[in-house]
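Protein chains: 2
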Amino acid sequence: MTIGEASAPPSDNMPAGPVRVDLVFEPGGKRVRVPQGVTLFDAASWNGIAIDSTCGGHGTCRKCRVRVLDAPGPPSALDARAFTPAELADGWRLACRAQATTDARVDVPPLVTRPKAATVGVGRQVILRPAVQKRYLELAEPTLRDQITDAERVLAALDDLELRIDLDVLRTLGRVLRAADYKVTAVVVDDVLIGVEPGDTSARRYGIAFDLGTTTVVATLLDLATGTPVAVESVLNAQQPFGADVISRISATMLDPAALDRLRALAAETLAGLAAEVCAHGEVEPHEVYEVALAGNATMTHLVLGIDPEPLGMAPFIMATRLFPEVLAADLGIGVHPRARAVVFPAFGAYVGGDITAGLLASGMDRDARIRLFVDIGTNCEIVLGNREWLLATAAPAGPAFEGAAIRCGMRAADGAIEVVTMTPDALELKVIGDTEPAGLCGSGLVDAVTGLVRLGLLDPSGRFVPEPDAVALAPGLAGRLTRLGEERVFVLHWLGPPGDVAQSIYLTQRDVRELQFAKAAIATGWRILLEEAGLAVTDIQQVLLAGSFGSYLSPANAIRLGLVPEIGVLRVVSAGNVAGEGAKMALLSLRERAAGLALLEEVRYVELSDRPDFNDRFVAQLSFPG
Amino acid sequence: MTIGEASAPPSDNMPAGPVRVDLVFEPGGKRVRVPQGVTLFDAASWNGIAIDSTCGGHGTCRKCRVRVLDAPGPPSALDARAFTPAELADGWRLACRAQATTDARVDVPPLVTRPKAATVGVGRQVILRPAVQKRYLELAEPTLRDQITDAERVLAALDDLELRIDLDVLRTLGRVLRAADYKVTAVVVDDVLIGVEPGDTSARRYGIAFDLGTTTVVATLLDLATGTPVAVESVLNAQQPFGADVISRISATMLDPAALDRLRALAAETLAGLAAEVCAHGEVEPHEVYEVALAGNATMTHLVLGIDPEPLGMAPFIMATRLFPEVLAADLGIGVHPRARAVVFPAFGAYVGGDITAGLLASGMDRDARIRLFVDIGTNCEIVLGNREWLLATAAPAGPAFEGAAIRCGMRAADGAIEVVTMTPDALELKVIGDTEPAGLCGSGLVDAVTGLVRLGLLDPSGRFVPEPDAVALAPGLAGRLTRLGEERVFVLHWLGPPGDVAQSIYLTQRDVRELQFAKAAIATGWRILLEEAGLAVTDIQQVLLAGSFGSYLSPANAIRLGLVPEIGVLRVVSAGNVAGEGAKMALLSLRERAAGLALLEEVRYVELSDRPDFNDRFVAQLSFPG
């Protein structure tokens, strides 16, 4: 297959995404395919090809010199200053300004300094170009013959960057410079000088990546010089008392005008507590953390920023914004460096939030030639289908089954939760989180139990428990567990009291099975509609990525058996882990990856399910289990 | 004289300023001369020629279409999108992007809407293009088929601007839009959407211009739609208890670590009080004030921003910065719209501050073909010489004589101060501020008294009182006033008690005369050195502008007699008034004038006096009065 083969939009009735172009980077001949209009610097960075740069692609250091071998575009104003006319005629351009407009070959000169790289996300190699830079400076003292201002003196020593200075820095700059004998370390975040520290502190610079979940919040402290995680901590979101899911938290703000401020404060508390913990465990001073990144769903992002979430909660489901303005970590209550920036992932829509943007970034959905299906399973399930040519997204209302809520003996995936259920016709085996006495059933256990029962025939394809005599024939060792509690038929997973005492057991009800069927039907309807929009069949899908914490507990085989994901080879269903958190790490480690996250907004087309007249019929058709 | 004639730098040993180019704007044929590299839009605006624009020159509205008639430069990337290839070949360009690189003729199409203009400063016609804009919008309600975010919905209706949105706006945007049925007024300041107000409030938008003096602070409330001042108030700077002059305030911060915070708070109090007063008097709600501008000397500016001023106070006199970062009025404690911006004038140097930048802007020093001398007289005297081709600046340490300090019977120009002294050989007449009993002598009265005595011969050219017998011969009616207080010779201006009781009188001492001589010598040395740097003679000066509140009290004739300003025709010495405040008004009324203020930083060359080996001799030579 040649690179160009998959380039046409998969279906005529689907709007084409941005046009793509093919680039070949020499020496090495690596061939990449990128949306038309991205810079050569981004195109290279996103594909793991390093080009010299000290400014990170801001057009200020003029070090990212490359030679466009065929049909170079017109030089930019900056090129005219960076190159001689002969060089320009020869195709030399600054890679951070030259756009990929047509297929081209690009020659990259040998690197002066080879930047470090780190593996993040789903096997993504990220060239380290963090927004946070430090430079140790030894400056000349001013004299009556050299009266330039303190700010200009510092900036002149950073002339490969074009920086704004924070007022906070100016307030004490005179004192710091003079007390440190003009030997200082400049702390730069993106295009802002946020600090000038006495002496040489250039070896220490950190960032914190937050995955701000509705249920759980995870923080990773990163060494930005090496890309290494230094400490990881997680905690329950302190907003829990306002409800387990986003809708109940949005409702809270509608009922009580003080709730929004309170929810914002609780988010801030959660983040601040985690930041303090990872710093303590990583032996890093909080003021050495110069940037944080935050990936969360749209509601969590609105709440942490104090944005009224009400329009998210009801049709037509409107976000205040897709791009969140630059804020300080301090504005979010996070006690790190007082001028540390907080990067908040942009969101596609009310139900495809910044966590999904981060997840797509981490899983390289926009770079891979293969057609892949990304499924983040939760109360709301986000589904993305596509490859580096096009991406379709939707959100399916899966309901709370996977979080253990609305399931009679359900619980979150915490100590005591049955997370694995293995069944044969004769026996049943459980795996419990924390290896303790079972206390309930979490999402993955639920899926295991139901798929086991379907496989053994104790649940028929429509999701009904079979009559008891049939059960005895099909699974003699388990039939005793298929019983009743009052009117309702149940299947007992574990006797807490004496066998036979159903009330004192952990069991699965007919209604629980229905809940799971609703959830899986919503999800399966979602990806089937996306496939149809793309004009593709199930067999065209080359990989399924199960994302989110639930995804990593779920067994790929059972996900297939349940019909939650398409029936493709089990090895092609991959648990991708906490991709939102990985995306947040990537944003801290590379300005170019951060730009890629933004670019994703233009790549993804959202398909709204809630107003489709055919949704209900299709949903009903998906309720049954695969034969 | 042709336009080009004055273009060469006046002296070979003086570094040339930026190269100038001549532009002729058609129809009308107005010929202007501007620094090479400014945009055609700025060149036109600065010379009172209006070009269509709704974005104020940000390159977003694409309305500033002009045709460059000869030798148009290469089109910008934006031009390529705004014009057809045929139009580009015909010389059509966006005026806000096209730079004046060579002499050219530019054709300006008839205006679609004629912008208002206002006269500000020293007869400056300013085309009203304030940063603050309001637009009334009637938006469509979102639906499931039109799910764009609230922010994008508002921004799409403002597509001639490219705006960032304040987080504060996002926080309540959903609620405001829905409560107002999507009929709202957008409040834009420069490139930021700072407010979305329910209903149509587009008729009301205000700004406050502050002249932040060491002694007095003046606030002018401006109607930004008409350019009209609505209310003006002034008040003593509440920092007075920390000393009358900048050096004592800087010293205070060096002695007491808490003083900087206190000085900052006092500045904030002063500004906040004035803002409340002008709003009350102008019947404007504080939240209708969307921008403020601030012109102050470098020390006042450092203090109000909370920047450590210590390096300003001692050689080599270093500012933290020339350009002050964007701040909110709220950050300065000013209770107007919570997201109102505060524009702080940039400063040339520690002793040529933002008040002078504003003053030069208001007096058009950078636009006028005539060679002019700008003198702002105070404890520190700022002097600027030049024309639209070149500008030289210096600061002369005049000492406190003009503020009434260090003068035995001196006082500020307040009620009771003798402000005019008229003398003949036979009689003496006083004019007192407030028409009350005299209480002391302010700067202009001091100058009048001394020049009167010199003219009558009672002071000899060296500044010594003549012997008493000579006085009787020269001025029989005044000789009785030339007497002694203890050892010191004094001249009595007004008997408060019985005639003859010197201790109960308002008088001028020999030492007072010396103070004034020191002050005038410092100033005269300053402008003489500038003339010499420029290779010019006194007779080359075509106008002298006396700036600052002291300048407006001083009689031009006496300023010449004293030798404070060059001996040119008295009609050529003009009292320019409070030009710093006028410059601040211009910055509020026009983004282009604000840009001109910034551009001034590159135009002015600073000449440091304090390390000149010849300064002392030249100073001594200037001590005597003109013959």
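Chains as they are written, first to last, in the numbering used here: chain D, 782 to 1408; chain B, 782 to 1408. Cβ coordinates follow ideal geometry from the N, Cα and C atoms, glycine included. Remember, it's a predicted structure, so these values are computed and weren't measured experimentally.
Bridge partners of D:Ser-1356 according to DSSP: D:Leu-1327. About 11 Å separates the beta carbon of D:Val-1201 from that of D:Leu-1209, a gap too long to meet the 8 Å contact definition. Taking a beta-carbon distance threshold of 8 Å, B:Ala-1096 counts as an interface residue toward chain D. Contact check for B:Val-977 against B:Leu-944 fails: the beta carbons are separated by 8 Å or more. With fewer than 16 other CB atoms across the displayed protein chains lying within 10 angstroms of its CB, B:Asn-1397 is exposed. Here D:Cys-845 is not near D:Ile-830, since their CB atoms are 8 Å or more apart.
Look at B:Arg-916 here: in three-state DSSP terms it is strand. Between the alpha carbons of D:Leu-1036 and D:Ser-1029 lies a gap of roughly 10 Å. Using a Cβ-Cβ cut-off of 9 Å, D:Arg-1103 is close to Ile-929, Thr-930, Ala-932 and Glu-933 of chain B, given in chain order. Counting C-beta pairs closer than 8 Å gives fewer than three between the stretch 905 to 914 of chain D and the stretch 854 to 868 of chain D, which falls short of the contact rule. Interface annotation, D:Leu-925: in contact with chain B, CB-CB separation under 8 Å. Proximity of D:Met-1035 to chain B, defined by a Cβ-Cβ separation below 8 Å, is not satisfied.
DSSP, reduced to helix, strand and coil, places B:Pro-1407 outside both helices and strands of the structure shown, so it counts as coil. In this structure D:Val-965 touches D:Pro-979 by the C-beta definition: roughly 6 Å separates them, less than 8 Å.
Taking the Cα of D:Leu-1142 as reference, the smallest distance to any Cα among D:Arg-801, D:Arg-874 and D:Leu-1372 is reached at D:Leu-1372. Residues of chain D whose Cβ lies closer than 9 Å to the Cβ of B:Glu-1091 are, in chain order, Gly-955, Arg-956 and Arg-959.
For the stretch 790 to 843 of chain B, the continuous beta strand (DSSP E) assignments of 3+ residues that do not extend past its boundaries occur at 801 to 807 and 811 to 816, in sequence order.
For D:Arg-934 and D:Asp-972, the gap between their C-alpha atoms comes out near 17 Å. Boundaries of the alpha helix (DSSP H) harbouring D:Ser-1144: 1135 to 1144, taken from the DSSP string.
Here the alpha carbons of D:Pro-1127 and D:Glu-1314 stand approximately 25 Å from one another.
Contiguous beta strand (DSSP E) elements confined to the stretch 918 to 999 of chain D occur at 964 to 970, 973 to 979 and 987 to 993, taking only those with 3 or more residues. Beta-bridge partners of B:Trp-873 (DSSP): B:Arg-848. An exposed status is given to B:Thr-900, since fewer than 16 other beta-carbon atoms sit within 10 Å of its beta-carbon.
When D:Gly-1378, D:Leu-1297 and D:Ala-1376 are compared, the shortest CA-CA separation from D:Gly-1344 is found for D:Leu-1297.
Taking the Cα of D:Leu-1104 as reference, the smallest distance to any Cα among B:Ala-870, B:Val-1360, B:Val-819 and B:Ala-932 is reached at B:Ala-932. Within the stretch 1114 to 1145 of chain B, contact with chain D at the beta-carbon level (separation under 7 Å) is assigned to Gly-1130. Contact with chain B is absent for D:Arg-1236, since none of that chain's Cβ atoms lies less than 8 Å from the residue's Cβ.
Under the Cβ criterion of 8 Å, D:Arg-952 is counted among the residues facing chain B.
The beta carbon of B:Asp-851 lies closer than 7 Å to those of Ala-885 and Arg-886 in the same chain, with the five residues before and after it left out.
Bounds of the beta strand (DSSP E) holding D:Arg-1386 are 1385 to 1387. With a cut-off of 8 Å on Cβ pairs, the stretch 1286 to 1294 of chain D is not in contact with the stretch 1134 to 1150 of chain D, counting fewer than three such pairs. The CB of D:Arg-945 comes closer than 8 Å to the CB of Pro-1106 in chain B, given here in chain order. The beta carbon of B:Pro-1407 lies closer than 6 Å to those of Gly-1344 in the same chain, with the five residues before and after it left out. Under the 10 Å beta carbon count, D:Val-1273 is surrounded by 16 or more other beta carbons and is classified as buried. By alpha-carbon distance to D:Glu-1107, the top candidate from D:Val-1124, D:Phe-1098 and D:Ala-1101 is D:Val-1124. Beyond the five residues adjoining it in sequence on each side, D:Leu-1003 comes within less than 8 Å, by CB distance, of Tyr-987, Gly-988, Ile-989, Ala-990, Thr-1009, Pro-1010, Val-1011, Lys-1366, Leu-1369 and Leu-1370 in the same chain, given in chain order.
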